[in-house]
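Taking it in order: structure first as structure tokens, then the write-up.
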Amino acid sequence: MNEIIEVSCPTCGKKVIWGENSPYRPFCCKRCQLIDLGEWADEEKRIASQSDISESDTWSENPDD
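Just so you know, we're using the UniProt record's numbering here: the sequence shown kicks off at 1 and counts up by one.
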């Protein structure tokens, strides 16, 4: 009943055992976790939407625009 689940690290592809012994799961290490976070922060990754216009496209700091 103790089935071992193994996943691939999304950043480097290394095999990771899914369990309490893998604190960065699904990543293999803190480095890969931070690389992924940086990609999201730099907007290299994004969640696809059905809309062509995002909220940020219509937002302006100038209230008269």
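A virtual CB, placed ideally from N, CA and C, is assigned to each residue, including glycine. Values in this document were obtained by computation on a predicted structure and should not be read as measured data.
Pick from the options that is closest to residue i, judged by C-alpha positions
| i | options | result |
| --- | --- | --- |
| residue 11 | 40, 61, 21, 3 | 40 |
| residue 14 | 6, 21, 20 | 6 |
| residue 67 | 34, 43, 28, 23 | Because the chain spans 1 through 65 in this model, residue 67 falls outside it and cannot be assessed. |
DSSP state of residue i mapped onto helix, strand, coil
| i | result |
| --- | --- |
| residue 15 | strand |
| residue 6 | strand |
| residue 25 | coil |
7 Å Cβ shell around residue i - same chain, five flanking residues per side excluded
| i | result |
| --- | --- |
| residue 36 | 10, 11, 27 |
| residue 30 | 24 |
Between the CA atoms of residue j and residue i - distance to the nearest angstrom
| i | j | result |
| --- | --- | --- |
| residue 34 | residue 42 | 12 Å |
| residue 49 | residue 62 | 26 Å |
| residue 4 | residue 32 | 22 Å |
Neighbour flag for residue i against chain D, beta carbons, 8 Å
| i | result |
| --- | --- |
| residue 41 | Of the chains in the structure shown, none is chain D; there is only one protein chain. |
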